[in-house]
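What follows is a single structure, written as C-alpha cells, with notes after it.
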Amino acid sequence: MIIISDFHSPTNKERILPYLQLALAYSINLYMYYMKKLFFILLSLLNFGIINAAEQKIIRISTDNTDLILQVGDNGRLYQTYLGERLLHTEDAQNFKWYVHAGSDGSVSRRGWEVYSGSGNEEYFEPAIAITHNDGNPSTYLYYVSSETKQIDGGTETIINLRDNRYPVDVKLHYVAYNKENVIKTWSEIKHNEKKPIRMSAYATTMLYFCNSAYYLTEFSSDWAKEARMSSQQLQFGKKVIDTKLGSRAAMLTHPFFEIGLEQPVNEHQGTVLMGTLGWTGNFRFTFEVDNVGNLRVIPSINPYASEYELKPNEIFTTPEFIFTLSYNGASQGSRNIHEWARKYSLKDGMESRYTLLNNWENTGFNFNQEVLSNLMKEAKHLGVDMFLLFGNKHPRNNDRAGLGDWEVNHSKLPGGIPALVQAAKDAGVKFGIWIEPEMINPNSELFEKHPDWAITLPNRDTYYYRNQLVLDLSNPKVQDYVYGVVENIMKENPEIVYFKWDCNSPITNIYSHYLKDKQGQLYIDHVRGVYNVMKRVKENYPKVQMMLCSGGGARCDYEALKYFTEFWCSDNTDPIERIYIQWGFSQFFPSKAMCAHVTSWNRSTSVKFRTDVASMCKLGFDIGLKDLNKDELAFCQTAVANWKRLQNVILDGEQYRLISPYETNHMALNYVSKDANKAVLF
Numbered sequence: 001m002i003i004i005s006d007f008h009s010p011t012n013k014e015r016i017l018p019y020l021q022l023a024l025a026y027s028i029n030l031y032m033y034y035m036k037k038l039f040f041i042l043l044s045l046l047n048f049g050i051i052n053a054a055e056q057k058i059i060r061i062s063t064d065n066t067d068l069i070l071q072v073g074d075n076g077r078l079y080q081t082y083l084g085e086r087l088l089h090t091e092d093a094q095n096f097k098w099y100v101h102a103g104s105d106g107s108v109s110r111r112g113w114e115v116y117s118g119s120g121n122e123e124y125f126e127p128a129i130a131i132t133h134n135d136g137n138p139s140t141y142l143y144y145v146s147s148e149t150k151q152i153d154g155g156t157e158t159i160i161n162l163r164d165n166r167y168p169v170d171v172k173l174h175y176v177a178y179n180k181e182n183v184i185k186t187w188s189e190i191k192h193n194e195k196k197p198i199r200m201s202a203y204a205t206t207m208l209y210f211c212n213s214a215y216y217l218t219e220f221s222s223d224w225a226k227e228a229r230m231s232s233q234q235l236q237f238g239k240k241v242i243d244t245k246l247g248s249r250a251a252m253l254t255h256p257f258f259e260i261g262l263e264q265p266v267n268e269h270q271g272t273v274l275m276g277t278l279g280w281t282g283n284f285r286f287t288f289e290v291d292n293v294g295n296l297r298v299i300p301s302i303n304p305y306a307s308e309y310e311l312k313p314n315e316i317f318t319t320p321e322f323i324f325t326l327s328y329n330g331a332s333q334g335s336r337n338i339h340e341w342a343r344k345y346s347l348k349d350g351m352e353s354r355y356t357l358l359n360n361w362e363n364t365g366f367n368f369n370q371e372v373l374s375n376l377m378k379e380a381k382h383l384g385v386d387m388f389l390l391f392g393n394k395h396p397r398n399n400d401r402a403g404l405g406d407w408e409v410n411h412s413k414l415p416g417g418i419p420a421l422v423q424a425a426k427d428a429g430v431k432f433g434i435w436i437e438p439e440m441i442n443p444n445s446e447l448f449e450k451h452p453d454w455a456i457t458l459p460n461r462d463t464y465y466y467r468n469q470l471v472l473d474l475s476n477p478k479v480q481d482y483v484y485g486v487v488e489n490i491m492k493e494n495p496e497i498v499y500f501k502w503d504c505n506s507p508i509t510n511i512y513s514h515y516l517k518d519k520q521g522q523l524y525i526d527h528v529r530g531v532y533n534v535m536k537r538v539k540e541n542y543p544k545v546q547m548m549l550c551s552g553g554g555a556r557c558d559y560e561a562l563k564y565f566t567e568f569w570c571s572d573n574t575d576p577i578e579r580i581y582i583q584w585g586f587s588q589f590f591p592s593k594a595m596c597a598h599v600t601s602w603n604r605s606t607s608v609k610f611r612t613d614v615a616s617m618c619k620l621g622f623d624i625g626l627k628d629l630n631k632d633e634l635a636f637c638q639t640a641v642a643n644w645k646r647l648q649n650v651i652l653d654g655e656q657y658r659l660i661s662p663y664e665t666n667h668m669a670l671n672y673v674s675k676d677a678n679k680a681v682l683f
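The numbers in the working numbering rise by one with no breaks, and the one at position 579 of the sequence shown is 579.
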C-alpha cells in the first residue's frame, strides 16, 4: 500500500503515476480473468444441466422385478451402472460405479457403460449415435442436463435430457417401466439447432450392458413358409449383427426380436433371459458386441444401411420403441410378461374378443364369382364362425400379374359390387371382411399408367419386379393419401365391413424415390413412417374395424404396427406339423390373441382334428371347403368352433405355459390357464 499525502505535488505525481497505471492494468486484467471464468462456469452449468459433480445423480428405472440404474459420472455424462433383479433397498443403487477398471497396475479407466455413446469420442466400441456437424466435425459428446418422471397407464415414464457441450444437439431418452408386467419400453428423440441440416449415420434406440461370464443368443430366422425358426449360439468376443435390408417386407428373412441367456443357454423354465423386440416394420439392426473384458452391449436400432439421414434444424428424429423384459425364471415367464403387456398396452383392442372366420382363398383362389361367394357365406354360418373373409378389383385379378393399385370392383366377377356381398353375408347371418394390398402396384394397372412416379423405381435402369409388382412410395404424402383412400372408399360405400386383411407381398426393389430426389438416404425410413401414418389414420377414423397384418405370411410382426392391428398372419404355411414350430417361435413374443391360424387342406395326410387343434392354439379361422369334409369331420369342426368360442377367454387372455418343445422331441405340449386359475386348456 502506498500512502499519498499530496498527489497534486509534481514530484509525488511523477513518482506515483507509474504505480497507479500498473495497479489499474492489474485490476482490469483481474476483472477480465474472473469475468471469463464466470462465463465458462455459467456455460458449463448450462451444458452439464446445473449438476453438482460430487452429487453423482442416480436415476432409477424400476418395475416390480427389475431395476435399471443410470448414474451421472463426475465428467457430467450418463452411464448404466446396473441392470438386473430389483434391489431391496433404495440406497443399494449407490453401490454401483459408473467407471470400469482397466490395467494390471490398478489404474482406473474412465471408459464406462455410457447410456447413449456418441461416435468420435474416447469410446472404443460401437456407438449409439453418429453425427457429422455443419463444420464437418464427426464427433458427439452428450452430457446430462436434466430428468423427470411422470405416471402413465400401468407404470412410470422417465425422460432424460442430454446435450452436446460444443454443438446445439439434444437427445431425449424415454423409458417407460410397466410395474406388474416387468416390461420396459424405451426410445430416443434427436434434435438440433445448427444452421443447416446435420447428417446422421447412426441413430440407435438405446444401449444395454451386461457383465456375465457367458451369453447365449437365440435368434429367429425366416423365409416364406418357414417363419420364426429358432436357433442358438454362444456370443464370443466381437460383434454379432442381425439385420435386414428389404425395406417394406422387412422381416421376410429374420424377425425383429431376440433372446439372450445370461450365464447359460435360454431355457424355458429357469435361468435369466433378456427378451427384446423392436417396434419397426422396416429395416432393423441388432448389434451384440462382447468387448475385450467380457462385457456385452446390446444395441437395437433402425438399420442405417443406405440411410444417412439429413436432420433439419428443430426437426425431431424419433427412434423406434424397443420393448424388453428380464425374466429370472426362463423364457416362458418372459413371454408371459410380454403377452400381458401387449394385451393391456400395445395391441389394438388387446382386451377385446376376436372373430372366428372362413376365408375363401384356399376354396377358390382367384376363381370366384358372386354366387360362389354367397354360397361360401352360408357355409360359414353352417360352420359356426363369425365372419366371411373375401380375397380379391377392376383389372381382372386372375393371377398376381395385374390389378394391384386399382381398388375398384371387378364387375365381371361381382356385378353387384361389394355392397351385394355385404348384404349376402348379412342374409347368411355372418359378418363381412375383405383382403387388400394397398401399398403395392402392378405395372398392368390404371394407377401405374397415371402415376408411374408413385412407384419406387430406379431411373436409367431396367425395372426388376418381385412377384410382378412394385412398392408404392409412402414417403410421398400424396401416395399416403391414396393408400388411405383405398380403405376410406371401401368403408364409405360399405360401412358394415368389420375386418380388413392388409397384405404386403414385396420387399422394396429398384430403390429410388422420385419424391425425395436428392435425399435418397431417407427413403427407407420415411417410407416406413408413411406406412405408419396411413395405419394410424385408419385406426383413428375406423376404430371398431378389426385388422389382420400380413406380409406374404409373417414378414410383418412388430409392436408398432400392432398398435393399429388386432392380429397378424403368422405364415402362409398351414401344414399343422410345420405350424407347430412357427407358432412356438412367434409365441415367444406375441400372445395367442395376436396370432392368426387357419384350418386348411395343407398336408391332407394329417387328420382334420389335428389341423383344427393346432389352429385352435391361436386366433382360430378356417380356409377349407365344407364340401371337402365328410359328415364326422364337419361335425367335429362345428363342435371345435363352439368349444373355441366357449374357451376363448382362456386361450386368448390366459397365461401361456410352453411345456414341451418340438425342438427337443417329436412331441409338443402347451397349456393356457385363466387369470382366476379356474379353467385351463391343454394342447
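The C-beta atom is built at its ideal place from N, Cα and C for all residues, glycine as well.
In this structure residue 446 is not in contact with residue 503, their Cβ atoms being roughly 20 Å apart against a cut-off of 8 Å. In the three-state reduction of the DSSP assignment, residue 186 falls in the strand class. Counting only runs of 3+ residues, the beta strand (DSSP E) found wholly inside the stretch 68-150 occupies 78-85, 99-101, 108-112 and 129-132, in chain order. Contact check for residue 161 against residue 150 fails: the beta carbons are separated by 8 Å or more.
For residue 419, the number of other beta carbons within 10 angstroms of its own is below 16, and it is reported as exposed. In the DSSP assignment, residue 177 falls within the beta strand (DSSP E) that extends over 169-178. Burial check for residue 411: the Cβ neighbour count within 10 Å stays below 16, so the residue is exposed. Rounded to the nearest whole angstrom, the CA to CA distance from residue 564 to residue 488 is 15 Å. From the listed residues 360, 572, 478 and 300, the smallest Cα separation to residue 228 is found for 572.
Between residue 337 and residue 271, the alpha-carbon positions lie close to 15 Å from each other.
When the five nearest sequence neighbours on each side are left out, the beta carbons in the same chain lying within less than 7 Å of the beta carbon of residue 625 are those of 363, in order along the chain.
Residue 141 has its alpha-carbon roughly 14 Å from the corresponding atom of residue 124.
In this structure, the alpha-carbon of residue 544 lies about 15 Å from that of residue 386.
Judged by DSSP in its simplified three-state form, residue 586 adopts helix.
Annotation for residue 333: no beta strand (DSSP E) segment contains it, though the alpha helix (DSSP H) segment containing it runs 330-345. If you look at residue 244, you'll find it isn't in any beta strand (DSSP E); DSSP assigns it neither H nor E. The Cβ atoms of residue 64 and residue 179 lie closer than 8 Å to each other.
DSSP places residue 164 in the strand class (E or B) of the three-state scheme. Residue 428: not part of any beta strand (DSSP E); member of the alpha helix (DSSP H) spanning 417-428, first to last residue.
A check of alpha carbon separations from residue 404 across 472, 282 and 643 identifies 472 as the nearest. Taken through DSSP and simplified to helix, strand or coil, residue 612 comes out as helix. For residue 450, the enclosing alpha helix (DSSP H) stretches over residues 446-450. Its Cα nearest to that of residue 205, the residue 115 stands out among 604, 591, 60 and 115.
Between the alpha carbons of residue 127 and residue 612 lies a gap of roughly 49 Å. Apart from the 5 residues on each side of it in sequence, residue 509 sits with its Cβ closer than 6 Å to the Cβ of 464 and 466 in its chain, given in chain order. For residue 598, there is no enclosing alpha helix (DSSP H); the residue is found in the beta strand (DSSP E) stretching over 595-599.
DSSP places residue 309 inside the beta strand (DSSP E), whose first and last residues are 309-311. A distance below 8 Å separates the beta carbons of residue 217 and residue 258. By the Cβ neighbour-count rule, residue 255 is buried, with 16 or more other Cβ atoms within 10 Å of its own. Counting the other CB atoms within 10 Å of its CB gives residue 263 a total below 16, which places it among the exposed residues. According to DSSP, residue pairing for residue 253 in a beta bridge does not occur. In the DSSP assignment, the residues bridged to residue 300 are 286.
When the Cα atoms are used, residue 152 and residue 177 turn out to be separated by approximately 9 Å.
The beta-carbon separation of residue 662 and residue 580, rounded to 5 Å, stays under the 8 Å limit for a contact. Membership of residue 434 in the beta strand (DSSP E) is indicated by the continuous run 431-436. Residues of the same chain with a CB within less than 8 Å of the CB of residue 223, apart from the 5 flanking positions on each side, are 252 and 253 in chain order.
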